[in-house]
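So the sequence lines, in the order shown, correspond to chains W and F.
Each residue of the first sequence is one higher than the one before, counting from 1 in the working numbering.
Each residue of the second sequence is one higher than the one before, counting from 1 in the working numbering.
Just so you know, even glycine gets a beta-carbon here, dropped at the ideal spot from N, CA and C.
Note that the coordinates shown come from a computational prediction; the quantities given were computed from them, not determined experimentally.
Written below as structure tokens is the structure these notes are about.
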Amino acid sequence: PCLQRTILDYFKDD
Amino acid sequence: MLELRLVQGSLLKKVLESIKDLVNDANFDFSSSGFSLQSMDSSHVALVALLLKSEGFEHYRCDRNTSMGMNLGNMSKMLKCAGNDDIITIKGDDGSDTVTFMFESPTQDKIADFEMKLMDIDSEHLGIPEAEYHAIVKMPSAEFARICKDLASIGDTVVISVTKEGVKFSTRGDIGTANIVLRQNTTVDKPEDATVIEMNEPVSMTFALRYMNSFTKATPLSNTVTISMSPDLPVVVEYKIAEMGYVRFYLAPKMEE
Numbered sequence: 001p002c003l004q005r006t007i008l009d010y011f012k013d014d
Numbered sequence: 001m002l003e004l005r006l007v008q009g010s011l012l013k014k015v016l017e018s019i020k021d022l023v024n025d026a027n028f029d030f031s032s033s034g035f036s037l038q039s040m041d042s043s044h045v046a047l048v049a050l051l052l053k054s055e056g057f058e059h060y061r062c063d064r065n066t067s068m069g070m071n072l073g074n075m076s077k078m079l080k081c082a083g084n085d086d087i088i089t090i091k092g093d094d095g096s097d098t099v100t101f102m103f104e105s106p107t108q109d110k111i112a113d114f115e116m117k118l119m120d121i122d123s124e125h126l127g128i129p130e131a132e133y134h135a136i137v138k139m140p141s142a143e144f145a146r147i148c149k150d151l152a153s154i155g156d157t158v159v160i161s162v163t164k165e166g167v168k169f170s171t172r173g174d175i176g177t178a179n180i181v182l183r184q185n186t187t188v189d190k191p192e193d194a195t196v197i198e199m200n201e202p203v204s205m206t207f208a209l210r211y212m213n214s215f216t217k218a219t220p221l222s223n224t225v226t227i228s229m230s231p232d233l234p235v236v237v238e239y240k241i242a243e244m245g246y247v248r249f250y251l252a253p254k255m256e257e
């Protein structure tokens, strides 16, 4: 099975 | 004081249609250089970034940077009332809790005013680093939309692989599997019909087709779409808006456990 990553795993708050 | 006049009002209609199902509410940030929007979908798996530069407007006045929280569904309802050939003007006053959309018919014989209530949206603004991508595929946007639609009838995830042979879109489901390979093809009459693959390194990543199909709602905005991939970043699906800016969709990949 694949684990769905999220945007917040890659981009941090400014 | 904010007043933006877009002669090609249909662009704004298409932009809203392309993002309103992905994102419910968003802050529109207006500055002297244009207006932008950045917002994640409710699951935080996808992010949309919109930019419309001031030079694309016939008239653009923005006295000071301002942000307006809008419900995109409501905004879409109002923009649907604009004719495809209408000139659309967005007007707002500092401190006002509404924004006005004015629609003028090309012959100026019909003028409509729609005033929408604004909302308070506390959304974090994410830093999106400029990146060197392992692979960048530029292809006809209708082709990409067709591939995503076709594959979604077979499976719910797509593996996008870029090698020196070309770009491959694969899926599998209960009824079987599907593989679609596009090769670089620049011998076409019109440049927008070309498939151009810039590969620095081979890359292969898995994504949920549901989001990809949502992104393809932006197809009417541009004849071409650019897909940029790096294994350690979300994929970027970009639809350029001629001389104005772009709608960019970022989608986090699905990783093997």
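Asked	Found
When you compare only the Cα positions, how much space is there between C62 (chain F) and L16 (chain F)?	21 Å
Under a three-way DSSP split, which group does A135 (chain F) fall into?	strand
Tell whether a beta-carbon distance below 9 Å holds between I90 (chain F) and L2 (chain F).	yes
N185 (chain F) to R210 (chain F), Cα distance in whole Å?	28 Å
Quick one: list the residues of chain W neighbouring A46 (chain F), beta-carbon separation under 8 Å, in chain order.	I7
Look up E256 (chain F) in the DSSP assignment and give the residues it is bridged to.	W:C2
With a threshold of 16 other CB atoms inside 10 Å of the CB of P253 (chain F), please say whether the residue is buried or exposed.	buried
Contact criterion: CB-CB distance below 9 Å. Does M255 (chain F) meet it with respect to chain W?	yes
Take S96 (chain F) as the anchor and find which of F:M68, F:M75, F:A131 has the nearest alpha-carbon.	F:M68
Chain W beta carbons: is any one of them nearer than 9 Å to that of M229 (chain F)?	no
For the putative contact between G155 (chain F) and G173 (chain F), defined by C-beta atoms under 8 Å, what is the C-beta separation to the nearest angstrom?	4 Å
Beta carbon of G34 (chain F), beta carbon of E55 (chain F): below 9 Å?	yes
Write down the C-beta distance between D13 (chain W) and L126 (chain F) rounded to the nearest angstrom, noting that I regard them as a contact closer than 8 Å.	6 Å
Taking its Cβ as the centre, do 16 or more other Cβ atoms sit within 10 Å of G73 (chain F), making it buried, or is it exposed?	exposed
Which residue comes first and which comes last in the beta strand (DSSP E) that contains K261 (chain F)?	This structure cannot speak to residue 261 (chain F), because chain F is shown only from 1 to 257.
May I ask you to list, following chain order, the residues of the region 121-133 of chain F that have a beta carbon less than 7 Å from some beta carbon of chain W?	E124, H125, L126, G127, I128
Return no unless some Cβ of chain W is closer than 9 Å to the Cβ of A218 (chain F).	no
Could you tell me the distance, in whole angstroms, from the CA atom of Y246 (chain F) to the CA atom of D29 (chain F)?	15 Å
Taking only runs of the beta strand (DSSP E) that begin and end inside the region 35-115 of chain F, which ones reach a length of at least 3 residues, in chain order?	46-53, 59-62, 66-71, 87-92, 98-104
Determine the burial state of L233 (chain F): buried for a count of at least 16 other Cβ atoms within 10 Å of its Cβ, exposed for fewer.	buried
Pick helix, strand or coil for D25 (chain F), following the three-state DSSP scheme.	strand
Judging by CA-CA distance, which residue of F:S161, F:V235, F:T171, F:R183 is the nearest neighbour of M139 (chain F)?	F:R183
Starting from the beta carbon of A252 (chain F), find every residue of chain W whose beta carbon is closer than 9 Å, and list them in chain order.	Q4, R5, T6, I7, L8, D9, Y10
For I136 (chain F), which residues from the same chain have a beta carbon less than 6 Å from its beta carbon, with the 5 sequence-adjacent residues on both sides left out?	E198, S228
Assign S222 (chain F) to one of three DSSP states: helix, strand, or coil.	coil
Between the alpha carbons of T18 (chain F) and F101 (chain F), how many angstroms are there, rounded?	The residue asked about is misnamed: residue 18 (chain F) is Ser in this sequence, not Thr. Rounded to the nearest angstrom, the two C-alpha atoms are 19 Å apart.
Within the continuous beta strand (DSSP E) that includes I160 (chain F), where are the two ends?	157-163
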